[in-house]
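A.B. asks: In the numbering used here, the protein residues as written are 6 to 482. We put the CB at the ideal spot given by N, CA and C, even for glycine. Quick one: structure below, then a few questions.
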Amino acid sequence: MTARDLCFTPAVELSKLYRSRRASPLEVMQAVLARIDAVNPDVNAIVTLVREEALRHARRATAAFRRGAALPPLLGVPVAIKDVTPTKGIRTTHGSKLFESHVPDEDALVVQRLRAAGAIVIGKTNTPEFAFGPNTVNAVFGATRNPWNLALTAGGSSGGSAAALATGMCPLAEGTDLGGSLRGPASYCGVVGFRTTPGLIPRYPSGLAWDTYSVEGPMARTIADTALMLSVMAGADDRSPISYEVDPRELVQATKMPSVKGWRVAWTSDLGGLMTIDDEVRGVFESAISAFRSGGARVEEASPDLGDVPEIVRLTRGLLMVARHADKLAEHRAVLQEGLVENTEQGLALSSRDVARGELLRTRQWQRVREFLETRDLLITPTSATPPFPIGEPHPVEINGRPVGRMLQRSYLTYAFSVLGLPAISIPCGFTRQGLPVGLQIVGRRRGEAAVLRAAAAFEVARPWAAHVPPIVQRSR
């Protein structure tokens, strides 16, 4: 196999290659590092690379496969970690000047689990400051560029992870998601990002242990890899009080039953008129719906009433911003990005009555959507309202040639399901006329990850996407 072949081989296949000795973890790591050297200067996805440490672990993994003992599921598989997730001994900046030289003394729990499963951490991926915003740019490392068009953004806030996957720098990457930070970049870069039910993947350390908005999650290029990575990350831990137990075998097995035959699938392009959607995105998305019909699903255009979502987002997001960042404003306001400051100040202006109203509305909204999903197995939407936007803009400024308002108004497609704690995956579903990826979001019932993975796998069989690679990859063969 060529070095490029190794870089784009799925993790589940790498394990087979290792066991059959058709490739070794060291060969794969060398290919990945060469890919990073060739592509990362243009894309800026990996911001801290631990080259020698990665090679050392790859040599150990190669030796372990030669011994032929019982081996963990991700042994020798490269993985990149978002630069907000603590990694022992590896710089973790949060994309902020405040943490520019910060080196944690312990791994986050998800990193511990990935390492225990044999994965090799290659480094950290870029993020906007404190994972805030739809454009991955910060004062420490600059901007991550979209590998499909370097003049455009990779999305945020897991843009570094998405761009690294799209260019073959790693087969697996970790990301985080509050309002769409796993799913939006996956859509913009043509990869997979899975936000799971809060608590399925325990978060530790975390200053907000009871938070049901922010989750960590898997990103990959295929559904099987996404499920494999999730199976390692998931499961209860007392340090995360909302976490719960799950059988990891069910997650992996779901991808081996790629069918939606007889399922009831609802779809909406704009959340029942709540959103303005780019015409090309709408066209690509609505064309992709046919794959579910062809697969035997009973498909209908329908949306739950999501009218409370904008107000819920405004009120509850403000509370989270205060909890995380209010203490920073007094001493460090001048070095924090403008949008983060503005959103924290908006949160500080909320009254206790506002906060209470947000939770009351959230409960009402939950009951509406719960009832809607009682008679449907899945809800399908576009992931993003627009294609990737110019790198110099903090967010899209127009849709279909008309100016649009605040950033949050364009994120309701993903934020609506963060509010409700529902599992939602973004998968590639096609391209615009300019060759830019478009993502499709599959939303399931609470704790319905297996069904979401099964449906995503069925779509992948019907419309495979893994062979599509960005132009920058083709130029760097």
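Name the one or two DSSP bridge partners that W272 has.
C.D. replies: BP columns for W272 point to E306 and I385.
A.B. asks: Would you kindly report the start and end of the unbroken beta strand (DSSP E) that includes I127?
C.D. replies: Per DSSP, I127 belongs to the beta strand (DSSP E) from I125 to T130.
A.B. asks: Would you identify the three-state DSSP class for K21, choosing helix, strand or coil?
C.D. replies: Reduced to three states, the DSSP call for K21 is helix.
A.B. asks: Distance, Cα to Cα, D359 vs V318?
C.D. replies: When rounded, the distance between both Cα atoms is 12 Å.
A.B. asks: Checking 8 Å against the spacing of the C-beta atoms, do A50 and A169 come in under that value?
C.D. replies: Their beta carbons are under 8 Å apart, which means A50 touches A169 by this criterion.
A.B. asks: Could you tell me the alpha carbon to alpha carbon distance between M34 and V289, rounded to whole angstroms?
C.D. replies: Their Cα atoms are separated by approximately 36 Å.
A.B. asks: Should G184 and P190 be called a contact, given that it needs their Cβ atoms to be closer than 8 Å?
C.D. replies: For G184 and P190, no; Cβs fall outside 8 Å.
A.B. asks: Inspect the beta-carbon positions of V448 and A429 and report whether they are closer than 8 Å.
C.D. replies: It is a contact, given that the beta carbons lie within the stated cut-off.
A.B. asks: Compute the Euclidean distance between the alpha carbons of P469 and R407, then round it to the nearest angstrom.
C.D. replies: Answer to the nearest angstrom: the Cα atoms are 34 Å apart.
A.B. asks: Output the residue ranges of the alpha helix (DSSP H) runs that lie fully inside the segment 376 to 453 and measure 4 residues or longer, sorted by chain position.
C.D. replies: Qualifying alpha helix (DSSP H) stretches, in chain order: 417 to 425.
A.B. asks: If you compare alpha carbons, which of L353, L311, A328 and F13 is closest to T368?
C.D. replies: For the residues L353, L311, A328 and F13, the minimum Cα distance to T368 belongs to L311.
A.B. asks: Quick one: which unbroken beta strand (DSSP E) runs of 3-plus residues sit fully inside the segment 174 to 213? Chain order, please.
C.D. replies: If we require 3 residues or more, the beta strand (DSSP E) runs fully inside the segment 174 to 213 come out as 177 to 182 and 197 to 200.
A.B. asks: Determine the DSSP secondary structure at P83, reduced to helix, strand or coil.
C.D. replies: P83: strand per DSSP, three-state reduction.
A.B. asks: Find the nearest neighbour of V37 within the set S236, E111, C194 and A85, judged by alpha-carbon distance.
C.D. replies: The shortest Cα separation from V37 among S236, E111, C194 and A85 belongs to A85.
A.B. asks: Helix, strand or coil for M224, going by three-state DSSP, please let me know.
C.D. replies: Of the three classes helix, strand and coil, the one that applies to M224 here is strand, per DSSP.
A.B. asks: Just confirm the distance between the C-beta atoms of H135 and H99, as a whole number of angstroms; I'd bet it's less than 8 Å.
C.D. replies: A small fix is needed here, since residue 135 is Phe in this sequence, not His. That pair is a contact at about 5 Å.
A.B. asks: Within 7 Å: the Cβ of S186 and any heavy atom of the ligand ZN?
C.D. replies: With respect to small molecules bound, the structure shown includes none, and the ligand ZN cannot be examined in it.
A.B. asks: On a CA-only basis, which of L320, V478 and D283 is nearest A390? Give me that one, please.
C.D. replies: The residue with the shortest Cα to Cα distance from A390 is D283.
A.B. asks: Over what stretch of residues does the beta strand (DSSP E) that includes V52 continue unbroken?
C.D. replies: It spans I51 to L54 - the beta strand (DSSP E) in which V52 sits, taken as one unbroken run.
A.B. asks: Do you know how far the Cα of T141 is from the Cα of P475?
C.D. replies: Cα-Cα distance, rounded: 18 Å.
A.B. asks: With a threshold of 7 Å on Cβ separation, who are the neighbours of I41 within its own chain once the five nearest residues in sequence on each side are excluded?
C.D. replies: Contacts found: I51, L54 and M174.
A.B. asks: So, helix, strand or coil for A3, using DSSP?
C.D. replies: The chain is shown from 6 up to 482; residue 3 falls before or after that span and cannot be answered.
A.B. asks: Out of curiosity, what's the CA-to-CA distance linking S186 and N131?
C.D. replies: Those two C-alpha atoms are separated by around 12 Å.
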